[in-house]
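For reference, the structure discussed in these notes is given below.
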Amino acid sequence: KGIFHVLGGLFSPVDAITPVMLTIDSLIERVSTRPISEVILALSSTMEGDTTCFYIYRKLRKANPGLKITQLARGMAVGNELEYTDEATLSRSLAGRTDFSESMF
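Numbering (the numbering used here), first residue to last: -1 to 103.
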């Protein structure tokens, strides 16, 4: 039960894509003019995605200090082999770990 906002890309200095080329300003306007309680950032887990998320976070926080801003969980996917997992993914998996309980099964 929510609405989506399509940015139209990610920051990419290599491809000369800057914040003004994305629809971030219209996102900020939507959040500022509607009763929205949470924004969930769902971008690629790449350097460009992380940079774009951080930029959006700063803009949203400035526009609406009380807004809940979250990001989709990141880490190892079910079925991945640990030996092929890169350091950044493993680090995120450890940071976002949850309690192991029988209720998970």
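All C-beta atoms in this analysis are idealised placements derived from N, C-alpha and C, irrespective of residue type, glycine included. Predicted, not measured: the structure shown is a model, and the values here were computed from it.
Just confirm the distance between the C-beta atoms of residue i and residue j, as a whole number of angstroms; I'd bet it's less than 8 angstroms.
i, j, result
"L65", "V29", "7 angstroms"
"T16", "E36", "The Cβ separation is near 27 angstroms, so there is no contact."
"F9", "Y53", "7 angstroms"
"L41", "T31", "So it is not a contact: roughly 23 angstroms between Cβ atoms."
What residues are listed by DSSP as bridge partners for residue i?
i, result
"V37", "I67"
"I15", "S10"
Buried or exposed for residue i, going by 16 or more other Cβ atoms inside 10 Å?
i, result
"L70", "exposed"
"I22", "buried"
"L92", "exposed"
For the ligand MG, is there a heavy atom less than 7 angstroms away from the beta-carbon of residue i?
i, result
"L5", "With respect to the ligand MG, the structure offers nothing, as it holds no ligand at all."
### Message
Three Cβ pairs or more, each shorter than 8 angstroms: is that satisfied between the segment 76 to 95 and the segment 54 to 61?
### Response
no
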